[in-house]
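Using our numbering, the first residue of the sequence shown is number 1, and each one after it goes up by one.
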Amino acid sequence: MHATDTPEKCPIASNTGDSDLAVDPFDASGGEVLSLSVIMPTVSWTGCFEPCVRAVIEHSAARGGEDAEIVVVFDGAGGPPPWWLTDAGVKVFSTGTRCGPAQARNLGAAEATGNVLLFLDADVELAPDALERIRAAFATSPDLVALFGSYDEAPACSGVVSQFRNLLHHHTHTSHPGRAASFWSGCGAIRSAAFFDVGGFDDDFRHPSVEDIELGLRVQAAGGRIVLDPSVQCKHHKSWSLRSMVITDIFRRAVPWTQLILESHDFPVTLNLDWGNRLCGAAALFSAALLPLSIAIGSWWPLLAVPVVLLAMAWMHLDFYQLCLRRRGVAFAFAAFALHWLFYLYSTLTFAAVVIGTKVSLALGRLP
């Protein structure tokens, strides 16, 4: 959708081979038996993929209904899948060439048989009760079209940036339960009929980006109800560095997300786009501008506003910093605040740059 040229479609290769929640196996939306398919795209058979898919296998048995079908799609040529994967009854497919997670998920959805599709990233480990919670939500809510969950508050990677990123995601999702305006494919389920009705993920996304958000916008535009349920939890195994965080946030998220907002002419007040986050973005930009302003006017007076602005930002997200303090201590809480300020600064600058660049391009295009 945002690529400069239209990519070729990837070929479809042939098939290679303890909760307390009680769930009624019949789907309240139409009386049919609710069946769940878990779809995991991956680019490697090793690393964190193994514990994550093993968790799905372990928790896939349903109480009072069908076991969850597990579909793994290797994004690329790949090699033979590990023996334990096929021995567990997992359906394994390959895209044949690197296509990106959007096309890999679409392939998995086309091969899946469930009337509810759960998309799960290869570095996401489901909580033991997650599948049963998803089954219960769809079985008891006939108007529910899609649902997504949240990372837990115990990320697998211990690095400072990794802990910050994953705890921030956890806090953002757990702070906004209920009706949602987008979708999340890290751990998100959708009725298969609705998924195919809106055309699935946009194949033009050749890298992990905002393809799930874009799908959610189409589902919502079609009248579908999407819910964020923080009780559906999972553990993230992704390791972040400062460099990967900045590059990913700018080029894989902020730029395409801003483009989606401009194309849809809608600015959703949800998740990290709520008014509190918008104010923090403006505050980060304002505080960063005070130093060059002070130098330009030859006075240190503007710098007196810096601690006031920073304290206001800390107050607006006090519950997040309390979470950081509880999980990792004082030093980590201060590091998280610094990283959060940096996140707001470059995200706001990117948003402004894309908006201004788009408007300038449109204005130049109208010139005779």
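Virtual Cβ for every residue (Gly too), placed ideally from N, Cα, C.
Residue range of the unbroken beta strand (DSSP E) whose run includes S44 = Segment: none, S44 is in no beta strand (DSSP E) and carries neither H nor E.
Best match in A282, S185 and G100 for proximity to L349 [C-alpha to C-alpha] | A282
Can you grab the Cα-Cα spacing for the pair P25 / A146, in whole Å?
-> Because P25 carries a pLDDT of 38, less than 50, the predicted location of this residue cannot be relied on, and no value is offered for it.
Taking just the CA atoms, how far does F119 sit from V198?
-> 16 Å
For S209, collect the residues of the same chain with a Cβ closer than 6 Å to its Cβ; drop the 5 residues on either side in sequence, then sort them by chain order.
-> R252 and P256
List the whole-angstrom C-beta distance separating C324 from A338, where the pair is believed to meet the contact cut-off of C-beta under 8 Å.
-> With a Cβ gap of about 11 Å, C324 and A338 do not count as contacting.
3-residue-minimum beta strand (DSSP E) runs that sit fully inside the segment 209-249, ordered along the chain | 225-236
Please look up how many angstroms separate the CB atoms of A154 and K235, rounded, as I've assumed it's under 8 Å.
-> 7 Å
What are the boundary residues of the alpha helix (DSSP H) that L342 is part of?
-> V330 to G365
Apart from the five residues just before and just after L144, which ones in its own chain have a Cβ nearer than 7 Å to its Cβ?
-> A137, F138, R225 and V227
Hey, would you say V160 sits closer than 7 Å to S241, going by beta carbons?
-> no
Contact the segment 178-196 vs the segment 350-361: 3+ CB pairs below 8 Å = no
How about F201 and N106: are their beta carbons less than 7 Å apart?
-> yes
Taking the CB atoms as reference points, tell me whether F164 and A331 lie closer together than 7 Å.
-> no
Can you name the start and end residues of the alpha helix (DSSP H) that C280 belongs to?
-> W275 to I297
First and last residue of the alpha helix (DSSP H) that includes V255?
-> V255 to S264
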